[in-house]
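Since the structure comes first, as structure tokens, the remarks are kept for the end.
Numbering (my numbering), first residue to last: 657 to 795.
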């Protein structure tokens, strides 16, 4: 299909920085499956976890903010949460970016069940550490 062909083309043309992020997300490394260039309506998300309802967008310095806002709002109406990460943040501290994604996955707004959210490993600079207590408001 044209949609599949477009997704394949986008996957082949990933930037080096996007590739670094993909290497940290692929293979359920954060406890959920992510897909590259995942079609959502007429859009393609850089990285998406349908299971968690999370889209991660990697933005260059020249992104069109009005278009991005419109796109984000549309995805949110379809039940997705959208994280936008600037390329320079990834280049400066990839570990912190991956930690932020893991923390977003563990939030109560995630599509994941409470038990699944609680079991997600949150990467730290010392390796991976499982949460030691449930999120605030849960016992």
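Quick reminder that beta carbons are idealized off the backbone N, C-alpha and C, glycines included.
For residue 732, the enclosing alpha helix (DSSP H) begins and ends at 721 to 733. Residue environment for residue 729: exposed (fewer than 16 other C-beta atoms within 10 angstroms of its C-beta). The shortest C-alpha to C-alpha distance from residue 694 to any of 687, 743, 702 is the one to 702. Within the DSSP bridge table, the entry for residue 746 names no partner. Residue 741 has 714 as its beta-bridge partners, per DSSP.
DSSP places residue 680 in the uninterrupted alpha helix (DSSP H) bounded by 672 to 681. When 684, 685, 704 are compared, the shortest CA-CA separation from residue 691 is found for 704.
When only Cα atoms are considered, residue 755 and residue 681 end up about 11 Å apart. Spatial neighbours of residue 747 in its own chain (CB-CB distance under 7 Å, excluding positions within 5 residues in sequence) are listed in chain order as 673.
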